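The block underneath contains the structure these notes are about, expressed in structure tokens.
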Amino acid sequence: MKKLGFMVMLALAGPLVAGAADAEPVGPEPPATPVAYHTFQAVESQLARWVRKYPDTAHLETIGKSSGGRSLYVLRIARKGLTEPDRRPAVFVGANIAGARNAGTEAALDLAKRLLEGDKGGDGESLDLLLERRTFYVAPALNPDAHDGMFQVPKQRLSGAAGSLDRDLDGLVAEDGPNDLNGDGRITLMRVIDPHGTMIPDSDDPRIMVEAEALEGQKGKYIVRMEGVDDDGDGEFNEDGPGGVWPDKNFAQAFRYDDPEAGPWPSYSPEAKAIMDFLLRRRNIAVAVVYGAANNLLGLPEGFGQAKELGTLKFKIPRWIARRFGVDPEEEFTGDEVWDMAKDMPFVRRMGITKERLLQFVGAGPAMKPQQQDLKILENLAKSHKKRLEDAGLDTKRPVRDLAPGSLTAWLYYHYGALALELDVWGIPKAKKNSGKEDGQVDDSRSPKGETLTLERLEEMTPEEFVALGEETIGEFMKEVGAPPQLTPARVIQAVESGKMTPQRMANMIKSMGGGKNGKKEEKEKKLQGREKDLMAWIDAHAPEAFVPWTSVELPDGTKGEVGGIDPFIEVAPPREFLAKALELHTETILEISRRLAEIQIQDLSVEPLGGGICRVQAVVRNIGQFPTHTKMAQRARVHLPIRLELDPGKDGDIVTGRSFVISESLAGGGGALKGEWLVKLPHRYQITVRALSDNAGTTSTSLLGDLAAGKISLPVGKEGS
Amino acid sequence: MKRRSLLNSAVMLFGIVLTLAPLALAGPLQPKRPLPEPRFNRLHHNDEIFDALRGYAAAYPAWATLESIGKSSQGNDMWLFTINNPVTGRALDKPAMYVDGSTHANEVQGAETVFYLIDYMLKNYGKLPRLTTLMDRAAFYFVPVVSPDSRAQWFDAPSTRDWPRSVQVAIDDDRDGLADEDGYDDLNGDGLITQMRLKVPPGQGRFRLDPDDPRILIPADENHPGDYNLLGLEGIDNDGDGRINEDGIGYVDPNRTWGYEWQPRYVQMGAPDYPLQIPETRAIALWAEAHKNIAAAQSFHNSGGMILRGPGSKTQPRYPMSDLRVYDKIGEMGETMLPGYGYMITWKDLYTAYGTTDDHFFGRIGAFAITNELYREEHKDADGDGKVTDEERMSFNDLMTLGRMFVDWQEVEHPQYGAVEVGGWRRDTGRIPEGWMLEEECHRNAAFVLYHARQLPFLEFGEPKIRNLGNGIRRLEVPLYNRRTIASRPAVAQRLKIVRKDVVTLQGAVVLASGMVENSWLNLVELQKKRPERLLVDAVPGEGFVTLFFLVEGGGQVRLQYDSVKGGRISREIDLE
Ligand SMILES: [Zn+2]
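As structure tokens, this is what we get:
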């Protein structure tokens, strides 16, 4: 028999190491320069300096190389503690895999700086303690090949790693990228008068180009495209620019198989593969935050596409099983019907097949929407995050992006099993209201109470919860799903109160009418486009140089055009000094998250002699953190080990019946418990050990030394173990 | 008429289609070294197969190459074997077929089929005209063993008919924090993993001994209380968790690792953490990405007698109609060449599987990919009732194999169950034919591969139509035929943007305009908007043609070149006068 044993850091194993003083700084500090964005090289030297200066706390790992041969770095920040850093509950923060989200890199560096340098005299003390119980993995620049687009001439947003693609399938690669025609060092826009043109300058602000509205009597005049020429003479402009696969499209959740930029398959890009390989070796990561293009706290993630969830799918049964069930293989069945047929079949019982596993087998497919329980955690985090934004005078109402298909964040949540969220760090605030009406139209669909009603939430609501939402929220929701106007919120509330209608039935009706699927997504997209006015207002007030006035240029073929428009980075990376407050509060949000992680602790260990050396041993492990030990998605995907509580009866001890361990698929936050009870034969003087194991909520163990003659011994186990 | 005959002679002089040229010269290949002479009435260890491949490559150095395209999980080479006629051009410039075997290591005869095919092709070139013309115009790539570590283990260590199916990557199947700690154990030390059965007090068993043949267990019933239970395959509870054999070596099923329409482990058993995570299939996928001239693919598995095509899952978009017609033609012919085999759709007729070889080669490479499940046990159905019973198997074992297939029960001591009996069917039964049946099945499937390969695109220029418009301007129309079923750019390749367009160039004259003739009689031409000297063509359809249009300035000899990723490169000289 092979020995059973987790590599466990025993609670007893070592004395508590209090925060050792940081080593003296090595090498000269760089001269104080005006705050600027970090080039990739600046990131590299910053990381190197930290590792030299804080050798006990900062550990730098090169997890791989980019397509262009640049290093992919992860800085591990943790102090010596009871558990080795790679087994502690941990937070991963990865930045700018998107390529042009350099503000994210700044935020990641801000976090690292705060953790390493602490707040002398402030909460520095508690940060040191935090770093003894938690580990932070900070990857500030996950797409180094694209990272320097904002520093290069011409300045342009890059997303692809080094390499080339044949997007237009003409057999030539990267032969037609943008060109800096006016020589201002930036790639902006170009407008050309063209009989097919559909765009005109906006009547309020002629600097902005808008679609002509035929019904308003307007007539299109210009074609607007990215600054550049038709390098390959195929009649298309800038259709096949430089750069290879986009790492942030190269992950498996909702991967786009028809998009050359996504790569031929998930994990093809060396960046994506290296990141996954690293993370899969670090199952102690409970929460993952990506600083990228989306913002999941200003707008909760909604999932991908129209893929249906388990409850609404219908299944055909493979011919050979249909024969065993005695049903028509052409007929379709609901999940419940399939399970009814299968659950009493001998092979199903013998093999312990669950309903979910069976449905997967007949083709239930993957999860495409976030699980409700997990959204609740994000919703809760959003509250404190928004408070911080408001306190700092930053906008919480600006429209934001949702997770992109194939993105790192989507993989982290759906496949890796972390509580994962993406934050865009900074965005152009909404312009101050000119006319209340117009603004009301683009306002997001939240009621004053901050509650949003979604189809998914509706399904899980009790009638009382639904009624409590109030007419306004319900009205907005009904508008969104396209309910007929005669169905007023008041009538719906009445129907629910009288029991004629339930939230679940309502959700089914909406679904069967095809409502609530895309409406919201489309609306979101609309809000993201046409933000030029917000942008111009902000530029005029803060960074006038970010607008390049339209100036005429002549293309090689003699065509006259004008080049101008908005700086490609202003929307995502403002002049560096505007970031300061945003960085600070994002670091605060990460620290808050890290303090709330699930953490297991053994409590209430007892040994009760029953006579003849037979004892009943009981132990309880609890989650003393605020988050659950497993997200609902991680439970569905079964990617984390269950919480395991196991008993070692010691030398000469023997478990009389059953297994030495109990497991639980998740312990709720705020005290969720797993109890173990064993009948054990113990010697007169015994030493038993109970271990609690998890992969991302810590591991801990407690030993109890006793004598049968002493009768029942109970140990309320303290915070640090006994 | 005069012009026409002139034109014909011009074609005869200059317009020889290159791919046909060597046909007249072809004779059998002359080996430079003694040839391997394998016999296909037995199974071969990987080492034997790879030795033979080295032998072929040494004997036909210009035609056959053996190269390693990567390493397996345990660091063994991933061998790729290529057959290409060097006289007719580089492999990459020709339509190609990819063939592999033993993706599932326990499905050992998959590799035998590939091995047979290689041997057969090389030894019959120049003797059989249908084979010779095919080998003149197409290239062939083979990965005989996709899962070399585990296939070696199947031969070298105790194994079963179903295991090892996965690659040698340790996975914590039972989620206890340890990987591969509770696999099978060869309790009686006979080098085989067979069954365990336990005698129990009457009434506690689900089975009893067959009164006619105590080697066989039959179900208990109300008149005959059971006194035997089957305990599964040989093994003990190695990790003390109250379960037996629940976390053996490996887990990842290579046929759930590929890069198209892949899904993770909770959606389907056997999946890795991300697609192409294991080095075996990743090596092949990376190599194939650079060999998109592959337009047909076939993988050999066992068992059941199936000709499977994708989609592996219902969630995939429906295949384009023109691609379905290709599949149906090949699959239906397969049913006639392989008696008892059925042409099936994986998700519909077998089970849902995401990230299979077929889906990858179709969805990522644009190749018509088929998986053959070799061997049907039906020949043991002595009474012809459509079912093979244990009695019939036992009778086949006793009469036809003189007892080779079954290992008699033997009592051994088991640490948890005490005295148990160990015995049962050997690993090379049930999914694998006996040696004297193996060769026929290898041959039939090899012949089917060659039929499949025959459908590779076969492009030929037709007679050019030239009209002098005066002022040195000529209008040129050239039909281009595809003589076979697979399009030069299959619809799936267009839909998913995985293969570039075909490119036509004309050298020796200035091209003023180019395009595709839609209707020559009505003078309807779809002109390409820009860059006429580089005419882009979506595809030449299977068993169809397109007509290329050019407006050129100049005269005399021009050279028309057609460059298709999957249709190969052809060219012809045209005299514009
Ligand atoms: Zn197989």
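Chains as they are written, first to last, in my numbering: chain U, 427 to 1148; chain W, 784 to 1360. Yeah, the Cβ is synthetic: ideal placement off N, Cα and C, and Gly gets one too. On a predicted model such as this, the values are computed, not experimentally measured, just so you know.
Under a three-way DSSP split, which group does residue i fall into?
i	result
residue 781(U)	helix
residue 1235(W)	helix
residue 832(W)	helix
residue 764(U)	helix
residue 452(U)	Residue confidence for residue 452(U) is low, a pLDDT of 45 falling below 50, so the modelled location carries little weight and cannot support an answer.
residue 869(U)	For residue 869(U), the predicted model reports a pLDDT of 37, less than 50, meaning its position is unreliable and no value from the coordinates is stated.
residue 485(U)	strand
residue 674(U)	helix
residue 1053(U)	coil
residue 774(U)	helix
residue 1067(W)	helix
residue 1109(U)	coil
residue 702(U)	helix
residue 1115(W)	helix
residue 1197(W)	strand
residue 442(U)	Below a pLDDT of 50, predicted positions are generally treated as unreliable, and residue 442(U), at 32, falls in that range; the measurement from the model is reported next regardless. Coil at residue 442(U), not helix or strand.
residue 1032(U)	strand
residue 1188(W)	coil
residue 1131(W)	helix
residue 857(W)	coil
Quick one, which of the options has its alpha-carbon nearest residue i's?
i	options	result
residue 697(U)	520(U), 880(U), 1032(U) and 1103(U)	520(U)
residue 652(U)	706(U), 835(U), 924(U) and 605(U)	605(U)
residue 494(U)	988(U), 668(U), 593(U) and 847(U)	668(U)
residue 822(W)	842(W), 1284(W) and 895(W)	895(W)
residue 576(U)	524(U), 560(U) and 626(U)	524(U)
residue 465(U)	536(U), 925(U), 544(U) and 567(U)	567(U)
residue 662(U)	650(U), 672(U) and 673(U)	650(U)
residue 883(W)	1117(W), 1292(W) and 900(W)	900(W)
residue 1160(W)	1085(W), 1136(W) and 1067(W)	1085(W)
residue 1352(W)	863(W), 921(W), 1022(W) and 840(W)	921(W)
residue 1375(W)	1118(W), 1146(W) and 1141(W)	What the structure shows of chain W is the stretch from 784 to 1360, and residue 1375(W) is not part of that stretch, so it cannot be assessed.
residue 1127(W)	1164(W), 1148(W) and 1087(W)	1087(W)
residue 1288(W)	1236(W), 1276(W) and 1320(W)	1320(W)
residue 991(U)	768(U), 961(U), 1012(U) and 982(U)	961(U)
residue 1399(W)	1325(W), 906(W), 891(W) and 911(W)	Because chain W in this structure spans residues 784 to 1360, residue 1399(W) falls outside the shown range and cannot be described.
residue 890(U)	928(U), 935(U) and 1008(U)	928(U)
residue 853(U)	564(U), 958(U) and 881(U)	958(U)
Going by DSSP, name the residue or residues bridged to residue i.
i	result
residue 1082(W)	883(W) and 1154(W)
residue 1163(W)	Answer is none; residue 1163(W) lacks a bridge partner.
residue 963(U)	Paired residue(s): none; residue 963(U) is not in a bridge.
residue 803(U)	Beta-bridge pairing links residue 803(U) to no other residue.
residue 1016(U)	Residue 1016(U) pairs with nothing; no bridge assigned.
residue 978(U)	988(U)
residue 581(U)	612(U)
4 or more residues per run - each alpha helix (DSSP H) lying fully within the region 885-943 of chain U: 889-894, 896-907, 915-923 and 929-938
Contiguous beta strand (DSSP E) assignments of at least 3 residues, all confined to the region 931-988 of chain W: 978-982
Length at least 3, wholly inside the region 859-928 of chain W: the beta strand (DSSP E) runs in chain order: 860-866, 879-884 and 922-926
Under 7 Å (Cβ pairs) to chain W, residues found in the region 659-682 of chain U: 659, 660, 661 and 678
Residues of the region 738-762 of chain U whose Cβ lies closer than 9 Å to any Cβ of chain W, in chain order: 741, 742, 744, 745, 746, 747 and 755
Interfacial residues, the region 1286-1312 of chain W to chain U, with Cβ spacing under 7 Å: 1286 and 1312
Selection of the region 1035-1057 of chain W by Cβ proximity to chain U, strictly under 9 Å: 1041, 1042, 1043, 1044, 1045, 1046, 1047, 1048, 1049, 1050, 1051, 1052, 1056 and 1057
Contact list for the region 787-815 of chain U against chain W, Cβ threshold 8 Å: 787, 788, 789, 790, 791 and 792
Near-chain U residues of the region 934-954 of chain W - C-beta to any C-beta below 7 Å: none
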